[in-house]
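Oh and the sequence shown: position 5 is 5 in full-length UniProt numbering, straight run, nothing missing.
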Amino acid sequence: MNWDAQDTGMIRLRNAEIGGKLQIRCTALWKEVGNATEPTEDLINRLTVFHNDVEKAAKKLDYTNE
1 MNWDAQDTGM IRLRNAEIGG KLQIRCTALW KEVGNATEPT EDLINRLTVF
51 HNDVEKAAKK LDYTNE
């Protein structure tokens, strides 16, 4: 999640519209993770979807964190 948050910030610098939408989702997920005593299967699935969306956006904007 931490890497996705960093990538989201870099994506936002390259494209405010795409990065802004990811930033909103990232913030909500961070809050949920922070408040979770035991991660649910649903939360894990949403984190996976978010990670995949960050990867897609990075590829679309030709940004790779290597």
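The C-beta atom is built at its ideal place from N, Cα and C for all residues, glycine as well.
Assigned with DSSP and collapsed to three states, ASN15 falls in coil, not helix or strand.
In summary, THR8 is buried, with 16 or more beta-carbon neighbours lying within 10 Å of its beta-carbon over all protein chains present. With 16 or more other Cβ atoms inside 10 Å of its own Cβ, VAL54 counts as buried. For ASP62, the secondary structure class from DSSP, reduced to helix, strand or coil, is coil.
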